[in-house]
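Here is the structure we will look at, set down as structure tokens.
Residue numbers (this note's numbering): 1368 to 1914.
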């Protein structure tokens, strides 16, 4: 235990010296000041636990010194000495912060009471300080509880992961008074190898994010994610796990860091990184508060992810129901028609083939083949529609549109010759990113529609337009009668069958829609009655390595 340090302020050298010896014999370290000015200067430069001040001094009284000490925050405890029993002086001394008041007597017997008064005063001050600290702790706890309650309500008030992340980093920065904070989340994959920055807050503002990822082997955050343990470092430059990559990315200098795993249902879903506490070092209380907030945030994030997944599943279920309805409609109507005709021609052959002319037999067989092919096409389209819906992942690649279009034109060569169509491709088509077999089906449906519904004969123009957003718009324009606004509204829905072609079964444009949606492109048709139609779709023009 350290020795209490006392300053005695008395203009009497004799009284001061005797008091000094009494207190030193009691185990205290004592210094003497002969007047108030000297005492004030010493108190400003040295830390004392107690000041014993004589009231009667030339120039300045003891009360004058107490008044000057009143504005000092870290002033010593005070004992006032006076030669007379003066109630007014005692009251003024207590109001100015004196902890004790002692009356001097000529026989010096008051000196016997000084050590006990000093012990009592120092103990009293110590108790007051402890009570003040406890009060501060209780106030901090109450404030933190209020902040935690408010934060939990804010974090659970939305099911949007981005909003949760932004609210979280702003809240934690305000609660812990730090320069910056970021949230990193695992992608929703079976075996993620990196963390993705979900939100960042620095110097009182949200930082706009581009896609930023952090390998699990990188930095303190990566270590926390893999080990599910909090890291508190008040000198990150000495931590071998620290990486300067984030400092370069966010343009700040990390000196202190608190990194906390986001854990929900015993599973790490991400990491909270808190940078540079504005006053002092990170401590255990900061860790406890950050971990508590992190638990709220992790649960909110997981709930939002589950809701997002549920919404996606509901959407997928709705699509499946639509597909099932479409399938039943197609089977009930589109397949029934060619089957009826197929059976009719076959039954007629069976009953009357002996009486038929060769050309009649050939006509019946040709019709049977055509209806069989029509049934096969419908079944193929239904299978393709199902594959597009249930495929969990496709491998994207840079695809050569010129080669795909030429392959489709070869497949449709009979229809082109039969309709005497003219097909014009003004310029080579640019390469884009997609899945070749699916994109080929899109071109097949668009060009086939143009051959069936274009003018007489059809004139088709196939071209591409580079868009400012990095997408390429591919399109097929025809010279047909065009579509009304009501007819355009029915396109790409199961199954419009607008009535202008017996070959149509309504599946083609539904397939186009599903394919382009899965490839994150857009699709549509532009048309005015009497002025032809243009059917289009868009895909990214970037190289695969850049997306």
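Every residue gets a Cβ at the ideal spot worked out from N, C-alpha and C, and that includes glycine.
Judged by DSSP in its simplified three-state form, residue 1409 adopts helix. Residue pairing by DSSP places residue 1447 opposite 1420, 1468 in a beta bridge.
It is roughly 5 Å from the alpha-carbon of residue 1398 to the alpha-carbon of residue 1374.
Looking from the CA of residue 1729, the closest CA among 1384, 1712, 1809, 1785 belongs to 1712.
Non-local beta-carbon contacts of residue 1601 in its own chain, meaning distances under 7 Å to residues more than five positions away in sequence, involve 1623, 1648, 1649 in chain order. In the structure shown, residue 1819 falls within a helical segment according to DSSP collapsed to helix, strand and coil. Residue environment: residue 1460 is assigned as buried (16 or more neighbouring CB atoms within 10 Å of its CB, all protein chains considered).
Sequence-distant Cβ neighbours of residue 1795 in its own chain, meaning closer than 8 Å and more than five residues away, are 1769. Residue environment analysis places residue 1674 among the exposed positions, since fewer than 16 neighbouring C-beta atoms fall within 10 angstroms of its C-beta. Assignment of residue 1616 by DSSP, reduced to helix, strand and coil, places it in the helix class.
Per the coordinates, the alpha-carbon of residue 1487 lies some 59 Å from the alpha-carbon of residue 1564. In this structure, the CA atom of residue 1828 is about 53 Å from the CA atom of residue 1584. Residue 1643 is positioned such that its CB atom lies closer than 8 Å to that of residue 1621. For residue 1794, there is no enclosing beta strand (DSSP E), since its DSSP letter is neither H nor E. Distances from the alpha-carbon of residue 1784 to those of 1810, 1765, 1823, 1763 put 1823 closest. Bridge pairing for residue 1551: 1564, 1638 [DSSP].
The C-alpha of residue 1570 is placed about 20 Å away from the C-alpha of residue 1660.
With at least 16 other beta carbons inside 10 angstroms of its own, residue 1816 counts as buried.
In the assembly as shown, residue 1894 is a buried residue. Its beta-carbon has 16 or more other beta-carbons within 10 Å.
With fewer than 16 other CB atoms across the displayed protein chains lying within 10 angstroms of its CB, residue 1405 is exposed. At least 8 Å separates the beta-carbon of residue 1479 from that of residue 1430.
Annotated three-state conformation of residue 1799 is strand, per DSSP. Rounded to whole angstroms, the gap between the alpha carbons of residue 1811 and residue 1775 is 6 Å. In this structure, the CA atom of residue 1549 is about 7 Å from the CA atom of residue 1641. Counting every other CB atom within 10 Å of its CB across the protein chains shown gives residue 1636 a total of 16 or more, marking it as buried. When 1667, 1409, 1377, 1372 are compared, the shortest CA-CA separation from residue 1393 is found for 1372. The three-state secondary structure of residue 1896, taken from DSSP, is coil.
Assignment of residue 1891 by DSSP, reduced to helix, strand and coil, places it in the strand class. Contact check for residue 1395 against residue 1536 fails: the beta carbons are separated by 8 Å or more. The DSSP-derived three-state label of residue 1486 is helix.
Annotated three-state conformation of residue 1902 is strand, per DSSP. Rounded to whole angstroms, the gap between the alpha carbons of residue 1483 and residue 1421 is 18 Å. Contact fails between the segment 1447-1459 and the segment 1495-1502, because fewer than three Cβ pairs, one in each stretch, are under 8 Å apart. Residue environment: residue 1766 is assigned as buried (16 or more neighbouring CB atoms within 10 Å of its CB, all protein chains considered). Its Cα nearest to that of residue 1609, the residue 1590 stands out among 1547, 1590, 1617.
In terms of Cβ geometry, residue 1665 and residue 1631 form a close pair [threshold 8 Å].
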